[in-house]
Amino acid sequence: MKNKWFLVSIMLIVSIFALAACGSSNDEGSSNESEDTEESTSDEGSSEENASQESETGGEVNLYTGRHYETDQELYDTFTEQTGIKVNVIKGDDDELIARLDREGKASEADLLMTADAGRLYRAKSQDLLQEVSSDVLNNNIPEKLRDQEGQWFGLTKRARVIAYHKERVDEEDIQTYMDLTKDQFQDKVLIRSSSNIYNQSLLASMIALEGEEKAKEWAQGIVDNMAREPKGGDRDQAKAVAAGEGDVAVMNTYYLGKLLKSEDQEEVKVGEQLGVIFPNQDSTGTHVNISGIGMTASSKNKENAQKFMEFLTTEEAQKQFAEANYEYPVNPDVEPSELLKSWGEFKEQDINLSKLGENNDKAVKIMNEVGWK
Ligand code: FE
Numbered sequence: 030m031k032n033k034w035f036l037v038s039i040m041l042i043v044s045i046f047a048l049a050a051c052g053s054s055n056d057e058g059s060s061n062e063s064e065d066t067e068e069s070t071s072d073e074g075s076s077e078e079n080a081s082q083e084s085e086t087g088g089e090v091n092l093y094t095g096r097h098y099e100t101d102q103e104l105y106d107t108f109t110e111q112t113g114i115k116v117n118v119i120k121g122d123d124d125e126l127i128a129r130l131d132r133e134g135k136a137s138e139a140d141l142l143m144t145a146d147a148g149r150l151y152r153a154k155s156q157d158l159l160q161e162v163s164s165d166v167l168n169n170n171i172p173e174k175l176r177d178q179e180g181q182w183f184g185l186t187k188r189a190r191v192i193a194y195h196k197e198r199v200d201e202e203d204i205q206t207y208m209d210l211t212k213d214q215f216q217d218k219v220l221i222r223s224s225s226n227i228y229n230q231s232l233l234a235s236m237i238a239l240e241g242e243e244k245a246k247e248w249a250q251g252i253v254d255n256m257a258r259e260p261k262g263g264d265r266d267q268a269k270a271v272a273a274g275e276g277d278v279a280v281m282n283t284y285y286l287g288k289l290l291k292s293e294d295q296e297e298v299k300v301g302e303q304l305g306v307i308f309p310n311q312d313s314t315g316t317h318v319n320i321s322g323i324g325m326t327a328s329s330k331n332k333e334n335a336q337k338f339m340e341f342l343t344t345e346e347a348q349k350q351f352a353e354a355n356y357e358y359p360v361n362p363d364v365e366p367s368e369l370l371k372s373w374g375e376f377k378e379q380d381i382n383l384s385k386l387g388e389n390n391d392k393a394v395k396i397m398n399e400v401g402w403k
């Protein structure tokens, strides 16, 4: 009888957690599953045994992530096999996950926030949603410029923001820098997404860091003057517009080109095949690189497990699979990128700590407003 009440109360706790999760039905399913697993473990013996079992094999870690790749789940399963730590995944839109963490405050079940763009991670840090992690493994596996100096967030994968051009209509030689996009030759030919998107804010923020506000503003003004149309859609839509003849050059993240080329939709593959890739600013400041990354939440109740999980994702073993899931570059310099990415060649990256993207975000947004970048 006592057992029965124990079960009932566990089920109650499980449903409260599932309700709090409030994600898609899939997400709820995975958190339920984990709670069930934990329950069956704790039913097995005396509480003393449970405690030792917990520390040896166990427990769990709760991850809020903007990623949604099946291969990620395989990686989480490998982590669970190796450590006994169950990974409960809540998926969502990057900005919404940050808003949710903010709303939930100390009561949040989340141990980890995984999201794209250093600008966002910086924002989460500024809102006191993250906490410091001091780990030699992380510091050794991730180059210094790709992580927060105070250990509040760490890059896990890299992406470059490149220029895609129509191979038949554009001579590669004419476009070697981001500034080349502002040449008269490309009037009404430039496709780029809206200023409300963090990717362009971060690109402009990097220019502020490397070349100063004045130069950055000059570039932004030149881009607005050369736009083929009012910004709309995501990076892939800019590439599609180039293929459709609306313009000749598009600014996009490398993984979107990968997604087009590897798409199951043959029309998307055709779009990708018409485009060449330019890594801009190779003779000067380097190509803009951003990350997707992870931070331990300020509210984390499974800190040890969370750190182990972060460390696992930066190992050589995990990095390849994690980066390739989204056609990205591994952050761990000992791990090679995929064949597709290697086929685009090596390139010089901007040499700034990515915190600068967050630090200069306000200035970038201000400039975009001033030049009328919609
Ligand atoms: Fe993206």
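Using our numbering, you'd call the opening residue of the sequence shown number 30 and step up by one each time. Yeah, the Cβ is synthetic: ideal placement off N, Cα and C, and Gly gets one too.
{"query": "For the region 203-215 and the region 245-255, state whether three or more C-beta atom pairs, one from each stretch, are separated by less than 8 Å.", "result": "yes"}
{"query": "Taking C-beta to C-beta, are Ala7 and Met281 nearer than 7 Å?", "result": "Residue 7 cannot be examined here, being either before or after the span of the chain that is shown, 30 to 403."}
{"query": "By Cβ distance, which residues of its chain are closer than 7 Å to Ile227, with the 5 residues on each side in sequence left out?", "result": "Asp146, Gly148, Arg149"}
{"query": "Closest to Lys196 by CA distance: which of Gly134, Ile237, Gly276 is it?", "result": "Gly276"}
{"query": "Is the Cβ-Cβ distance between Val278 and Val219 less than 7 Å?", "result": "yes"}
{"query": "Just how far apart, CA to CA, sit Gly405 and Arg222?", "result": "Nothing can be reported for residue 405, as the shown portion of the chain is limited to 30 through 403."}
{"query": "Quick one: does Glu293 have its CB under 7 Å from some CB of chain C?", "result": "As a matter of chain content, chain C is missing from the structure shown, which is built from one protein chain."}
{"query": "Taking just the CA atoms, how far does Trp248 sit from Glu125?", "result": "31 Å"}
{"query": "Grab me the residues of Tyr285's own chain with a C-beta within less than 6 Å of its C-beta, minus the 5 sequence neighbours each way, in chain order.", "result": "Asp264, Arg265"}
{"query": "Output yes or no for whether 7 Å exceeds the beta carbon distance between Gly184 and Ser163.", "result": "no"}
{"query": "Is the Cβ-Cβ distance between Thr326 and Leu92 less than 7 Å?", "result": "no"}
{"query": "Round the Cβ separation of Ala393 and Ala234 to the nearest angstrom and send it over; I've been treating them as touching at under 8 Å.", "result": "4 Å"}
{"query": "Alpha carbon to alpha carbon, how far is Glu243 from Gly287? Give it in angstroms, no decimals.", "result": "34 Å"}
{"query": "Identify the continuous beta strand (DSSP E) that holds Thr186 and give its terminal residues.", "result": "183-195"}
{"query": "If I measure Cβ to Cβ from Lys299 and keep anything under 8 Å in the same chain, skipping five residues before and after, which residues do I get?", "result": "Ala272"}
{"query": "Taking its Cβ as the centre, do 16 or more other Cβ atoms sit within 10 Å of Gln156, making it buried, or is it exposed?", "result": "exposed"}
{"query": "Out of curiosity, what's the CA-to-CA distance linking Ala153 and Ala347?", "result": "25 Å"}
{"query": "Alpha carbon to alpha carbon, what distance is there between Asp200 and Pro362?", "result": "33 Å"}
{"query": "Throw me the rounded Cβ distance for the Val116 and Tyr105 pair, which I believe falls under 8 Å.", "result": "4 Å"}
{"query": "Buried or exposed, going by whether 16 or more other CB atoms sit within 10 Å of the CB of Arg198?", "result": "exposed"}
{"query": "Please report the straight-line C-alpha distance between Gly387 and Asn319, rounded to a whole angstrom.", "result": "11 Å"}
{"query": "Give me whichever residues DSSP pairs with Gly410 in a beta bridge.", "result": "In the structure as shown, the chain begins at 30 and stops at 403. Residue 410 is therefore absent and cannot be evaluated."}
{"query": "Excluding the 5 residues preceding and the 5 following Asp122 in the sequence, name in chain order all residues of the same chain whose CB lies nearer than 7 Å to its CB.", "result": "Gly95"}
{"query": "Would you mind listing the beta strand (DSSP E) stretches within the region 80-132 that are 3+ residues and don't spill past its ends, in chain order?", "result": "89-94, 115-120"}
{"query": "Who are the Cβ neighbours of Gln250 in its own chain at under 6 Å, not counting the five residues just before and after it?", "result": "Val400"}
{"query": "Give the single residue among Thr206, Met339, Gly324, Lys291 whose Cα lies nearest to the Cα of Glu368.", "result": "Lys291"}
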